[in-house]
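Residue numbers (my numbering), protein chains in the order written: chain A, 1129 to 1673; chain B, 8 to 349; chain C, 124 to 454.
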Amino acid sequence: MNLKIKFLKFKRDLNRWSLLLLLILGIVTIPILTIGLKLFDGPGESWTHIVDYLLYDYLENSILLAVFCSFIVIVFGVSTAWLVSRFDFPMRKQLEWLLILPLSVPAYIMAYAYAGVFGYSGLLQNLTEKLGFDNFSIDIMNIYGLSFVLSMSLFPYVYVSSRTFFLAQATNLLEASRMLGISEFKSFFKLIFPLARPAIVAGLVLVLMEVLNDYGAASYYGVNTFTTGIFRSWFSLGEPETAIYLSAILLMIVFGLILLEKWQRRHLSFSSPKSSKKNYNSRIKPRKKNQILFSIFCSIPVLLGFIIPVIQLLIWTKQTFSRVWNIEFISITLESFVIAFITSCVTVIFALLLLFFSRWNKIDLLKTSSKLGILGYAIPGVIIAIGVLIPSLTLDKWLIEHKITSKLILNATLIALIYGYVVRFLAVAYQPLESSSLKIDRSLSDSSKVLGEGNFKTFFRIEFPLIRTGLLSAFILVFIDILKELPLTLIMKPYNVNTLAVKAFEYASDEMVSSAALPSLLIILTALIPAIFLNKLLLKNASDS
Amino acid sequence: MKRIVYLLLVSVLVLSCKTEEKKDEKNELTVYTHRHYESDQELFKEFEEESGIQLNIVNASADELIQKMSLEGAESPADVLITVDAGRLYRAKSKDLLQSFSSEMIDSIVPSHLRDEDKQWVSLTKRARVIAYAKDRVDSTQLSTYENLTSEDWDDKILVRSSSNIYNQSLLASIIANKGNEFAENWAQGVVENMARDPKGNDRDQVKAVANGEGDLAIVNTYYIGKLLNSSDKDEVDAGNSVSIFFPNQNTTGTHVNVSGIGVAKHASNKENAIQFIEFLLEEKAQNIFAGSNYEYPVNPNVEPADILKSWGDFKEDELSLNELGKNNKEAVIIFDKVGWK
Amino acid sequence: MQATLNIENLSKSFDQGKVKALDGVSFYVNKGDICAVVGESGSGKTTLIRLIAGLEELDEGEIHIEDKLVASIKKNIAPEKRDVGMVFQEYALFPHLSVLENVTYGIKKSKSKKEVALATLNLVGLEGYEKRYPHELSGGQQQRVALARALAPNPSVLILDEPFSNLDAMMRHKLRNDVFNIIKKTGVTAIFVTHDTQDALAVADEILILQNGRLVQKDEASALYKKPQSIYVASLFGNTIQLNKGLQTAFKCPLKEDCCHAIRNENITVNEDCDYVSEAEVLKRTFLGTHSQLLLKLDNGEHITVVTNEPVLGNTLKIGFNSKDVLAFEE
């Protein structure tokens, strides 16, 4: 094909959505690109030292951690999602939303709580002493313990995404499978698991990104990961440039993985089964024995990921309440809620714009690059903070120079902070939105367009009502994440604003973990509100359609 | 949907009220601080009441704050920088983020080895890195120096946290400054060989591990012991009571001390307020709070340390110039990595 | 008469040119005509209509609707501005909207929206159903709603994508006639895709045959049936047997060598009074109600299937065909 025709077609396909996509993509990727470009600046002088002594170990640990966590979150997330959406058993309704709750416990707080449970004169030791064992202890502060703790706080990502898939799933395939003489459980592995792969992967991507950038829990448990390397080169070796360089490498790896994943399921995109009009509201009622078994099985992750850590936090809160409690907590809770709420709205809107602009745009290259927008989730918050600070300060300084403002305007207000949050958490909103929008039959939007409605109106009249569930999951996941977020908040928040996570951190970093319990509990409580709300809507929606 | 929109509107309203509070720029002071102790907040409040100066607190790790300051450049709102170790102040100074300031009051109160030679920063409090040993298993006569920790007696007995911790880095930096690179490397190697387990947890956890019998010696900062003993958790108190404190190197260089310190930002717009603030922090009242509720050693010689600290007795401190800790910090980290101190 | 839809040299490939879906297709459809697009699956039918609707962008060529250029390599008018109506294979009714809301969806005039929608529903025989939701309707009713929805905005061209593939045989027959009666009544130009030639033969004014992305024949129904231009076209309209050397010897019918010859299955009869006759042995009979199907073996070992409504006795019989029924194609 000659160049002129290519150019003509490019000109034809370059519609206003392409331009708008570029704009949105520009806004959300400036910080990421700022970091990515640092690859060309090269690392600092300690680079060879890091490569010689640290990198190999750190990479190995990160990979092991990723593998362990993937395994655990898939086992717990997918199986529980499958059980609650396919079977009926005692406590199912309660378990359905209880399974989301572990997400509300910040990973590093969960790490502290478990260290407390398993540690010196902790819950476990007290319990075993009563049973007559002396000095029984399990060392949880190692890579296995870390994998366990991270998985327990993150598996709900996989649970939520696969449950959304299972609830919308048509029965006919399953019935076909059972007719072929394959038991319910075998069908799960032979049929449902492969079909649900895109949904599972969507959740898993989030889990892995978070696992890769975790610092608090890993450093407390003494496990050195790639992110430890980033922090070490900055905080210990005093070379922020090396830290950014390492982050840029991490970015490339994650982007590569995302593309790889997209590429390897390129043939599968059409095979995602259309949900027939007949949804199964009718869950199978298994035998009594199995019912109890299922209840117990689904309770395990709730127990491990929520109840045990919360009990530990309650014990600590009881010890420290009188000292820590302060009337300020009410206003801090309110502030945290408000900030998280506004930012979640903004983030979800950005995710929607990114998703739909890229769909309406007809240039393939732009479509692929739109994935760049969600990379922020893979980078540690502190690095994102640098990525946000550099461009926003440049703009601020430019404004001052041109006498438009007299002092830092973006960086002294919530604007820069919210911007940072959006960049960081776009993936959390994007993934559930993407998977729920993929489930809508393409012919619906096609027919709307043929009937004379443009992209925008089609979106509001057809797609928006149909992806409501995904929209809400997106909103709540982001909301919870923002409530928990720390490093970005610390460095970018305006002086007079305070959040619960900051409060918890102030105590925890001072090794007053038990005092951090109160703000942590408040985070969990605040996160509960929308989580319960989400569940109600999820259920309502499933029975509606 | 409607409810969400209402909620959003209310939220925006709440926030705009928050940011509307107008401030008199002349009468404020922006503090970038790595310290996030409860007692500090009390102090800040008290300063605001006493002076009528409004404090804007930015709380993050010193390295992040330093990075933020250097990105902000001349527009930086920061007036003072507070860190929890001398090395970071040295780092800020060498990045040209601080400026000299002088105050007779400060010069007269703070011993010279706790001040920067160029008057760019000054210490607020001291902490000593000591050995906490199991009362029931170790006799204090067996202990002598940091150097002695590499002896075979302590094989599988030493508990210490990760080398990413600044206090460990400063300790090794002081050994480098006192005894040279090679010695420091051998020392670190020896400690690693004697470790009871891979480094993990924080200082409190090391003490708890001693209480739990996982090892006999823990290298910790003094104020954590103070806090353990005053914890509202009975088990923490028990853990604190199971160990005794030993000040190493009393007959040689003295026990390693690190400081929490404060410097005036290069682009401070309220330098006078900054000096007033620093003086306030060094006065007896503030120093008493540092000492009393946070178990740090005050730098003001007129102020006594907390009772618990006093009960451990006086000790000779290493009077090595604190800037040396900063200068050797990187080398220390490199050695840690070489010898595999995680 | 002026062409409502005019397509010139249309090409489209997917996967960066690796898969050529359409290759230089040109044709036109006259105003008010119903045109069927027939071809095997993968022949490019769906791509063709999606290009016409504006749901894909072409690689080469031009599309004109009502003399207006709607797509070329320089220009691509969005589907919502093309004045095209479309009935999707699975109807694509909006599940969250009622029947009336579905039908009103595309109507632009704000005043008489409801009247137009109700009138259209009336036209398709669904008065009284306007408050129902799509999942409360049968397949045939959904089909009618989809048709009403596409017709309501009064498009220049109506596209139907495999309109009857989801229906059972009885329903299909009735609905087919109903649907095209309605279409004829409205006078809209229609183009519909099907893999079932019965549909095409029954209702289309003209039939397009696509093979591997190329247009192989365009003709009226009877002409196409009588004079297919290739064995592919012929076999689309019923089983066709190529008269290879073996069969030619069996039936003793020497044919010209430079041509390819074939005979439709239905033209082979159990009858001795034919131009060409052969002996055959019955291997298997299948009773099909009004007729029987026989699997036969000829003298020279060739197998052949024949349909007959006469009772057949014995294990051998004579079959034959007439020379006027022999189809000849250029090779």
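Backbone N, C-alpha and C define an ideal beta-carbon position, used for all residues, glycine too.
{"Item": "Using a Cβ cut-off of 8 Å (strictly closer), state whether asparagine 63 of chain B contacts chain A.", "Value": "yes"}
{"Item": "In chain B, what lies closer than 8 Å to tyrosine 1348 of chain A by C-beta?", "Value": "Lys207, Gly208, Asn209"}
{"Item": "Please confirm whether tyrosine 304 of chain B and alanine 135 of chain B have their CB atoms less than 8 Å apart.", "Value": "yes"}
{"Item": "Would you mind sorting aspartate 396 of chain C into buried or exposed? The rule is 16 or more other CB atoms within 10 Å of its CB.", "Value": "exposed"}
{"Item": "Checking the sheet assignment: what are the DSSP bridge partners for isoleucine 314 of chain C?", "Value": "C:Cys158, C:Ile282"}
{"Item": "Once the 5 residues before and after serine 1564 of chain A are set aside, which same chain residues still bring their CB inside 7 Å of it?", "Value": "Thr1292, Ile1595, Thr1597, Gly1598"}
{"Item": "Using a Cβ cut-off of 8 Å, pull out every chain A residue sitting near glutamate 53 of chain B, in sequence order please.", "Value": "Per Cβ cutoff of 8 Å: no residues; glutamate 53 of chain B is ~16 Å from chain A at best."}
{"Item": "Could you check what DSSP says for glutamine 212 of chain C in three-state terms: helix, strand or coil?", "Value": "coil"}
{"Item": "Glutamate 180 of chain C touches chain A at which residues, Cβ-Cβ below 9 Å?", "Value": "Lys1137, Arg1140, Asp1141, Lys1490"}
{"Item": "With distances taken Cα to Cα, identify the nearest neighbour of glycine 147 of chain C among C:Phe137, C:Asn153, C:Ile130.", "Value": "C:Ile130"}
{"Item": "Can you confirm whether glycine 1598 of chain A, when its beta carbon is compared against all beta carbons of chain C, has any partner nearer than 8 Å?", "Value": "no"}
{"Item": "Kindly give me the distance between the Cβ atoms of tyrosine 1373 of chain A and proline 1171 of chain A, rounded to whole angstroms, as I take these residues to be in contact under 8 Å.", "Value": "4 Å"}
{"Item": "Chain A beta carbons: is any one of them nearer than 8 Å to that of arginine 337 of chain C?", "Value": "no"}
{"Item": "Since leucine 1569 of chain A meets chain C, which of its residues come closer than 8 Å, beta carbon to beta carbon?", "Value": "It should be pointed out that residue 1569 of chain A corresponds to aspartate in this sequence rather than to leucine. Neighbours of aspartate 1569 of chain A on chain C, chain order: Glu213, Ala215."}
{"Item": "Hey, is lysine 1577 of chain A's beta-carbon within less than 8 Å of any beta-carbon in chain C?", "Value": "yes"}
{"Item": "Return the chain-ordered list of same chain residues with a C-beta closer than 6 Å to the C-beta of glutamine 106 of chain B, the five sequence neighbours on each side being excluded.", "Value": "Val271, Lys273"}
{"Item": "Check whether the segment 239 to 255 of chain B touches the segment 1439 to 1452 of chain A, taking contact to mean three or more Cβ pairs, one atom from each stretch, closer than 8 Å.", "Value": "yes"}
{"Item": "Within 10 Å of its beta-carbon, does asparagine 432 of chain C have 16 or more other beta-carbons around it, so buried, or fewer, so exposed?", "Value": "exposed"}
{"Item": "Closer than 7 Å: is that where the CB of lysine 1535 of chain A sits relative to any heavy atom of the ligand FAD?", "Value": "This structure simply doesn't include the ligand FAD, nor any ligand for that matter."}
{"Item": "Using the three-state DSSP reduction, which class does proline 305 of chain B fall into: helix, strand or coil?", "Value": "strand"}
{"Item": "Please report the straight-line C-alpha distance between asparagine 66 of chain B and leucine 1432 of chain A, rounded to a whole angstrom.", "Value": "33 Å"}
{"Item": "Taking a Cβ distance cut-off of 9 Å, strictly less, list which residues of the segment 262 to 287 of chain C are near chain A, in chain order.", "Value": "Ala269, Arg272, Ala273, Ala275, Pro276, Pro278, Ile282, Asp284"}
{"Item": "Looking only at C-alpha atoms, which of A:Val1201, A:Leu1545, A:Phe1246 sits nearest to serine 1290 of chain A?", "Value": "A:Val1201"}
{"Item": "Give the range of the beta strand (DSSP E) segment to which leucine 1621 of chain A is assigned.", "Value": "The amino acid at residue 1621 of chain A is misidentified as leucine; the sequence shows lysine. Note, lysine 1621 of chain A: premise wrong, no beta strand (DSSP E); not H, not E."}
{"Item": "What does the Cβ neighbour count give for alanine 81 of chain B, buried or exposed, with the cut at 16 atoms within 10 Å?", "Value": "exposed"}
{"Item": "Just to make sure I have the definition right: I need the residues of chain A whose C-beta is within less than 8 Å of the C-beta of tyrosine 228 of chain C. Which are they?", "Value": "Ser1576, Leu1579, Glu1581, Arg1589"}
{"Item": "With DSSP as the reference, label arginine 1451 of chain A as helix, strand or coil.", "Value": "helix"}
{"Item": "To the nearest whole angstrom, what separates the beta carbons of leucine 1554 of chain A and phenylalanine 1478 of chain A, a pair I think is in contact under 8 Å?", "Value": "6 Å"}
{"Item": "Would you call asparagine 132 of chain C buried or exposed, if buried means 16 or more other Cβ atoms sit within 10 Å of its Cβ?", "Value": "exposed"}
{"Item": "Need the endpoints of the alpha helix (DSSP H) that lysine 234 of chain C sits in, please.", "Value": "Note, lysine 234 of chain C: premise wrong, no alpha helix (DSSP H); not H, not E."}
{"Item": "How would you call phenylalanine 54 of chain B, buried or exposed, if buried means at least 16 neighbouring beta carbons within 10 angstroms?", "Value": "buried"}
{"Item": "Is it buried or exposed, valine 179 of chain C, if we count other Cβ atoms within 10 angstroms and call 16 or more buried?", "Value": "Rather than valine, the amino acid found at residue 179 of chain C in this sequence is glutamate. Classification of glutamate 179 of chain C: buried, given that the 10 Å Cβ count is 16 or more."}
{"Item": "With contact counted as at least three CB pairs below 8 Å, one residue from each stretch, are the segment 1192 to 1209 of chain A and the segment 1239 to 1248 of chain A in contact?", "Value": "no"}
{"Item": "Name, going along the chain, the residues of the segment 309 to 338 of chain B whose beta-carbon falls closer than 8 Å to a beta-carbon of chain A.", "Value": "Asn336, Lys337"}
{"Item": "If I'm right that glutamine 351 of chain B touches alanine 339 of chain B with Cβ under 8 Å, what's the distance once you round it to whole angstroms?", "Value": "There is simply no residue 351 of chain B to check, as chain B begins at 8 and stops at 349 in what is shown."}
{"Item": "For asparagine 1407 of chain A and phenylalanine 1383 of chain A, what's the separation of their Cα atoms in angstroms?", "Value": "Because the pLDDT of asparagine 1407 of chain A is 46, which lies under 50, any placement of that residue in the model is unreliable, and the number read from its coordinates should be weighed accordingly. So the two alpha carbons sit approximately 36 Å from each other."}
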